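Numbering (our numbering), first residue to last: 61 to 274. For glycine and all other residues, C-beta sits at the position ideal for the given N, C-alpha and C. Predicted model only: the values in this text are computed from it and were never measured.
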């Protein structure tokens, strides 16, 4: 089953809302962003989040000790890195925590994506390159730059309920990640989340049996 990640949850209403939908990951942004939350808020949201949904902490060049503390306290179950974190940073983090590490890549070329999978992360998140932005641009990128990869990857970058099916017809990822595409006036819109989730699951069902036919 394709994983669905709704990123940038910051209110109790966001968490209580997504609990009703068929999603797998909820993103808590600890980096500088309009969606940024602190540890106390994240802990409260994690308590109200459905137990089978993984809370994903989103960081940019964060001090490792802060990430380690959030994992060990059970506030997040995955780590997503959006900064300049290199292989040594990821190796050092893995020595301290036992949870999946996702490395975000702002896609500019197939070679850059191939190189990113050598950093040692468990999963890549492929996002749109926009100068001076670490993510959340709301813009798509050309999927021709996604090579065959040896590790799982999330499709991000400008996804919406209206375009996700067409994007998935081009490439089928391990998971999809959306934030601004399911917002209205800067806040999570449950009707949009419901539609997005439904579109992904309907697409999945349309693919059932196609692998056997090949």
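Exercise for review: Give the DSSP bridge partners of residue 67, in chain order.
Suggested key: Taking the first residue of the chain shown as position 1, residue 67 is located at position 7. Beta-bridge pairing links residue 67 to 87.
Review point. In its own chain, which residues sit with a C-beta less than 8 Å from the C-beta of residue 124, not counting the 5 before and 5 after it?
Key: Within the chain shown, the letter at position 64 stands for residue 124. If we look at residue 124 and ignore the five residues flanking it on each side, its Cβ neighbours are 149, 152, 153 and 156.
Exercise for review: Ignore the nearest five residues each way along the sequence and tell me which others in residue 259's own chain have a CB closer than 6 Å to its CB.
Suggested key: Residue numbering aside, residue 259 sits at position 199 when the chain shown is read from its first letter. The beta carbon of residue 259 is closer than 6 Å to those of 221, 224 and 225 in its chain, skipping five residues each way along the sequence.
Check your understanding: Taking residue 85 as the reference, which of 106, 95, 165 and 93 has the closest Cα?
Key -> Your numbering for residue 85 matches position 25 in the chain shown. Measuring from the Cα of residue 85, the nearest candidate turns out to be 106.
Exercise for review: Have a look at the DSSP bridge pairing and note the partners of residue 119.
Suggested key: The residue labelled residue 119 in the question sits at position 59 within the chain shown. For residue 119, which the question treats as bridged, DSSP gives the partners 141.
Review point. Straight-line CA distance for residue 249 to residue 70?
Key: Position 189 of the chain shown, counting from 1, holds the residue named residue 249. Position 10 of the chain shown, counting from 1, holds the residue named residue 70. Cα to Cα, residue 249 sits roughly 13 Å from residue 70.
Exercise for review: Give the DSSP-derived three-state secondary structure of residue 266 in the structure shown.
Suggested key: Within the chain shown, numbered from 1, the residue matching residue 266 stands at position 206. Residue state, collapsed to three classes: helix.
Check your understanding: What are the complete alpha helix (DSSP H) segments, minimum 4 residues, inside the stretch 213-238?
Key -> For the stretch 213-238, whole alpha helix (DSSP H) runs of length 4 or above, ordered along the chain, are 224-230.
Review point. Between residue 177 and the rest of its own chain, which residues show a CB-CB distance below 7 Å, the 5 nearest in sequence each way excluded?
Key: As a first step, residue 177 must be located in the chain shown, where it is residue number 117. The residues are 184, 209, 210 and 211.
**Study point:** Range of the contiguous alpha helix (DSSP H) that encloses residue 276
**Key:** Outside the shown range of the chain (61 to 274) lies residue 276, about which nothing can therefore be said.
Point to revise | Strand pairing of residue 247, partner residues [DSSP] | key: If you number the chain shown from 1, residue 247 lands on position 187. 244.
Practice item. Measure from the alpha carbon of residue 11 to the alpha carbon of each residue in 90, 133, 145 and 166, then state which is nearest. Key: No answer is possible for residue 11: the residues shown for the chain start at 61 and end at 274.
Check your understanding: Leaving out the 5 sequence neighbours to the left and right, which residues in its chain are closer than 8 Å to residue 182 when beta-carbon positions are compared?
Key -> The count along the chain shown starts at 1 and reaches residue 182 at position 122. Excluding positions up to five away in sequence, the list reads 160, 161, 162, 211 and 212.
**Study point:** residue 112 - containing alpha helix (DSSP H), residue span
**Key:** Locating residue 112 in the chain shown gives position 52, where the first residue counts as 1. Element bounds for residue 112: n/a, residue is neither H nor E.
Exercise for review: Give me whichever residues DSSP pairs with residue 186 in a beta bridge.
Suggested key: Locating residue 186 in the chain shown gives position 126, counting from the first residue. In the DSSP output, where bridge partners are listed per residue, residue 186 has 165 and 215.
Practice item. Rounded to whole angstroms, what's the CA-CA distance from residue 88 to residue 199? Just pull it up for me. Key: Locating residue 88 in the chain shown gives position 28, counting from the first residue. Locating residue 199 in the chain shown gives position 139, counting from the first residue. Rounded to the nearest angstrom, the two C-alpha atoms are 21 Å apart.
Practice item. For my contact list, residue 214 and residue 233 are in at a C-beta cut-off of 8 Å; report their separation, rounded to the angstrom. Key: For the purposes of this step, residue 214 is taken as residue 154 along the chain shown, with counting starting at 1. For the purposes of this step, residue 233 is taken as residue 173 along the chain shown, with counting starting at 1. Yes, residue 214 and residue 233 are in contact; Cβ-Cβ is about 6 Å, under 8 Å.
Check your understanding: alpha helix (DSSP H) containing residue 209: first to last residue?
Key -> As a first step, residue 209 must be located in the chain shown, where it is residue number 149. Residue 209 -> no alpha helix (DSSP H), and no H or E assigned at all.
Check your understanding: Which stretch, first to last residue, makes up the alpha helix (DSSP H) that contains residue 134?
Key -> Here residue 134 refers to the residue found at position 74 of the chain shown. First-last for residue 134: undefined, no H or E at that position.
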